[in-house]
Amino acid sequence: MSETEVHFDVRAIEEKWLPVWEKLDPFRADDAVVLAGEREKRYALTMFPYPSGDLHMGHAEVFAIHDVISRYWRFRGYEVLNPMGWDSFGLPAENAAIRNDEHPATYTYANIETQADSMKRYGISFDWSRRLHTSDPEYYRWTQWLFLKFREAGLAYRKNSPVNWCPKDQTVLANEQVLADGTCERCGAEVTKRELTQWYFRTTQYAQELYDCLDDLQDSWIGKVVNAQRNWIGRSEGAHVTFEVEGHEPLTVFTTRPDTLWGATFMVVAADAKLAAELVSDEQRPALEDYREQVRKASDIDRLATDRPKTGVFLGVHATNPVTGEQIPVWAADYVLADYGTGAIMAVPAHDQRDLDFARAMDLPVRRVVDTGEDDPAVSGVATTGNGTYVSSGPLDGLSDKTEGIRRAIELLEADGRGTGTVNFRLRDWLLSRQRYWGAPIPIIHCPDCGEVPVPQDQLPVELPELRGADLKPKGTSPLGAASDWVNVSCPTCGGPAKRDTDTMDTFVDSSWYFFRYLSPNDATQAFDPALAKAWGPIDLYIGGDEHAVLHLLYARFFTKVLRDLGLIDWDEPFTAYLSQGKVINNGRKMSKSLGNGINLGTQLEEYGVDAVRLTLVFASPPEDNIDWADVSPAGSAKFLQRAWRLAGDVASAPGTDPATGDVALRKVTHKTVHEAAQLLESYRFNVVVARTMELVNATRKAIDSGCGPADPAVREATETVAILLSLVAPYTAEEMWARLGHEPSVAQAAWPTVDPALLVEDTVTAVVQIQGKVRARLEVSPDITEAELEALALADEAVVKAIDGRAVRKVVVRAPKLVNVVV
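FYI, my numbering numbers position 380 of the sequence shown as 383, with every residue one higher than the one before it.
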């Protein structure tokens, strides 16, 4: 039996302290304390998991990182809210249940219990009294209530339009759920288009505010996440321009370059837009219908690709260019999307490559209106997009300032009533209907006489029928449609026969407000208590993966702004700070069963123990970087924890002994460690905190072994500090150390060590001496040494003299007291 097993029984320590913590419940947040203003609050939040299996290495990493900051805040005297729940509705859980031939509820709740047990063993400082599951009727009752409140405010509506369709999951997808390569973010299938009547949230009403508020988050969110949101919202300034169309209502298009209107030689309408079907002539209608069938098979990404051959159908009508008076043909094509702007564009082929490619394919005219000095696009086949001088542009001829050209073009359009300056957004309204079973039913009843009727509040929740034994595999329509007893109801308004809406809500609706429900998880009278929302909100730090950089974070921000406008909260943004963790990989690659490089978390915990795994994950790198499990050493972490644990057994002084009489050198190391750890924790450099803790363990052991002695009060002070710092990442070891030091549990309830400023003053500092950029000597000098004194000392050093070897010193750069750079 190894020394570790004899003296440091990891499993025995885990089994000893887990029931103690459950009994003590040290992490329960006290609402009364925060409401009364007795302690400053901190709301710590980590993204709640899908219950599609037991915890994996990704969960282990994010929970370990999250726990560092939440425990630290407790040490600093804050009242900390750190809740946990499960995002238990949605496709991942439903698909997993279908694969395992189980009902989604049976499969989901069994996995929740498995994950809950694993989380508790993992020692995370969650407040388990606030546990929730989004698939509980007690939760989705309020999801449905919020849907109806949004609808009352005009923010939830139903319309018919082309939508993203996943042929594998047999459901519609929001734009945000389609990956850059045109595939479903859930299953990887290629997404197509269908024309369906679906429910939407009007996210576009908040587009400008969602965009503007990103400026306030720039410094406290990771930059790439802010940029991803900004790009997705896609704010662009330009003009709405009106084109008269023969035999039809005028057609309005959005353009960022109204100054190039004089070069617009044709128009293009999205082939799958309703507008194309309205404009097409009778002669061209069969050709359009055939073409639309082709378009429905292509993803938006394919359609927007610049290297894709251009195809289209002439609609048989012409429009009038509002600045030239020319009659220009109107075409339908697939490279324009129905949900961008008005679904139609003015084509300026000389200065847009896709327009130029289309013009060349269809033999349409190309007119250059900005002379950039490059070859004429009509000849070269390459559109020119740079700045230049306006030509063939009527009143703009001779100008060379694009900004001025755009401004004057808008003035001309507005003066004649043919257009207006405006702002457009890439962001589209959020499509939230899903043709699947495992989700919150949409609380609407469809009556042939009354239309869409909301389910009365006293009839919420509209509970899912169990459908035990039913075939829940995706078929393109909701399985709820087959539950006739559930579907067929009386209209709440007229009492006549009516039918429930059979779609369920996107699981992102559930996760857009769950952090509010944590405030009042057992309140049967309201979604959450506004007083508690005011006291606890907003979330001080949110931790999760950057795969949610657009989807979840954007939706949660939208929900927060709506709830503010409904008068339920008084804050604008849900997450004051956001920290994105990297991934755990293996041998440079993403973990995968097919690659044979998967790492099983349970196996790692059994072999090395919870604390060693947690310590390894935190120590491996900064939170935002990936961790390659092949490059780290949980075995090494276990050995370090044993060394730290031994310190507690060596301390011979009594609890409460005044450290002031202890060894000054060790006390300096201890207080410097605490001082630096606080700064590092505030800047999320958790791995460096672990390194400093290791250094303190080594310094303490050295002090004991070199004559300071285990009875020295400085040894107790240092060891107690190690226990407190270790509890951030290795709670079982820290708790055992705390007990061996003679304290009552739990170490998590201790106070952050007080730093004596006098002990931070350095007697000496290390000055590095470089020659030609290479370190040749290190000198211990006074912090107050002058540059002249430091230069003289460096040049007289034996190692420096030897390295110079008689060569002439050309220059000496001194940065007292830490650096001398000699150039020879």
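Ideal Cβ positions, reconstructed from N, Cα and C, are used throughout, including at glycine.
It should be emphasised that the depicted structure is a prediction, and the values quoted were computed from it without experimental measurement.
Buried or exposed for G540, please, with buried defined as at least 16 other CB atoms from any protein chain shown within 10 angstroms of its CB.
-> Buried is the label assigned to G540, since at least 16 other Cβ atoms lie within 10 Å of its Cβ.
How far does the beta strand (DSSP E) with Y112 in it reach, from first residue to last?
-> No beta strand (DSSP E) holds Y112; the alpha helix (DSSP H) holding it covers P107 to R124.
Within 10 angstroms of the Cβ of A527, are there 16 or more other Cβ atoms? Answer buried if so, exposed if not.
-> exposed
Might you give, ordered along the chain, the residues of its own chain that have their beta carbon closer than 8 Å to the beta carbon of I727, omitting 5 neighbours on each side?
-> F78, A737, V750, A753, W755 and P756
Can you give the Cα-Cα distance for G61 and K26, rounded to whole angstroms?
-> 29 Å
First through last residue of the beta strand (DSSP E) which encompasses Q584 = Y581 to Q584
Once you ignore the five residues that flank V272 on each side, which residues in its own chain have a CB closer than 6 Å to its CB?
-> L278, A279, A335 and A347
For M270, the residue or residues it bridges with in DSSP | V333 and M349
Taking DSSP as the reference, what is the three-state secondary structure of R363?
-> When secondary structure is reduced to three states using DSSP, R363 falls in the helix class.
Could you give the DSSP three-state label for P786: helix, strand or coil?
-> coil
Using a Cβ-Cβ cut-off of 7 Å (strictly less than) and excluding sequence neighbours within five positions of L430, which residues of its own chain qualify?
-> T206, T207, A210, W235, I236 and G237
Which residues in the same chain have their Cβ closer than 8 Å to the Cβ of V803, if we skip the five residues on either side of it in sequence?
-> V772, I774, R779, A780, A797 and V825
Proximity winner among W433, V768, N701 and R370, relative to R159 (alpha-carbon distances) | First, the residue type needs correcting, since residue 159 is Ala and not Arg in the sequence shown. Checked all of W433, V768, N701 and R370; the closest Cα to A159 is W433.
How far does the alpha helix (DSSP H) with W89 in it reach, from first residue to last?
-> Here W89 belongs to no alpha helix (DSSP H); instead the beta strand (DSSP E) covers P86 to W89.
Tell me, please, which residues DSSP counts as bridged to A322.
-> V248 and I331
Does DSSP put C711 in a helix, a strand or coil?
-> helix
List the whole-angstrom C-beta distance separating M349 from A267, where the pair is believed to meet the contact cut-off of C-beta under 8 Å.
-> 4 Å
Pick helix, strand or coil for M508, following the three-state DSSP scheme.
-> If DSSP states are grouped into helix, strand and coil, M508 belongs with the strands.
For N690, which beta-bridge partners are listed by DSSP?
-> Its beta-bridge partners do not exist; DSSP assigns none.
Using 10 angstroms around the beta-carbon of S656, count the other beta-carbons present and answer buried if the total reaches 16, otherwise exposed.
-> Looking at its Cβ environment, which holds 16 or more other Cβ atoms inside 10 Å, S656 is buried.
Could you give the residue range of the alpha helix (DSSP H) that holds G639?
-> Judged by DSSP secondary structure, G639 falls within the alpha helix (DSSP H) whose first and last residues are P637 to D653.
Which residue or residues does DSSP assign as beta-bridge partners of L434?
-> Y203
On a CA-only basis, which of D285, W20 and V764 is nearest G319? Give me that one, please.
-> D285
Decide yes or no for the touch test of the region 445-459 against the region 503-515: beta carbon pairs closer than 8 Å, at least 3 of them.
-> Touching, yes, given that three or more Cβ pairs across the two stretches are closer than 8 Å.
Just the Cα atoms here: how many angstroms apart are N590 and D130?
-> Each residue's alpha carbon lies about 36 Å from the other.
Consult DSSP for D666 and reduce its assignment to one of helix, strand or coil.
-> coil
Go ahead and pull the three-state DSSP assignment for P625.
-> coil
Quick one: is Q221 buried, meaning 16 or more other Cβ sit within 10 Å of its Cβ, or exposed?
-> exposed
CA-CA distance, E8 and D33?
-> Unreliable placement is indicated for E8, whose pLDDT of 40 sits below 50; no coordinate value is reported for it.
Length at least 4, wholly inside the region 518-601: the alpha helix (DSSP H) runs in chain order | 533-539 and 554-568
What three-state label does DSSP hand A811 in the structure shown?
-> coil
Whole-Å CB distance - W89 paired with F51, under 8 Å assumed = 6 Å
In its own chain, which residues sit with a C-beta less than 7 Å from the C-beta of V654, not counting the 5 before and 5 after it?
-> P713, V718, R719, T722 and L744
Just how far apart, CA to CA, sit G226 and R288?
-> Approximately 49 Å, taken between the alpha carbons.
Using a Cβ-Cβ cut-off of 7 Å (strictly less than) and excluding sequence neighbours within five positions of P457, which residues of its own chain qualify?
-> Excluding its 5 nearest sequence neighbours in each direction, P457 has C-beta neighbours in its own chain below 7 Å: L151, R154, P446 and I447, listed in chain order.
Starting from the Cα of W24, find the closest Cα among A806, P748 and D759 and give me that residue.
-> P748
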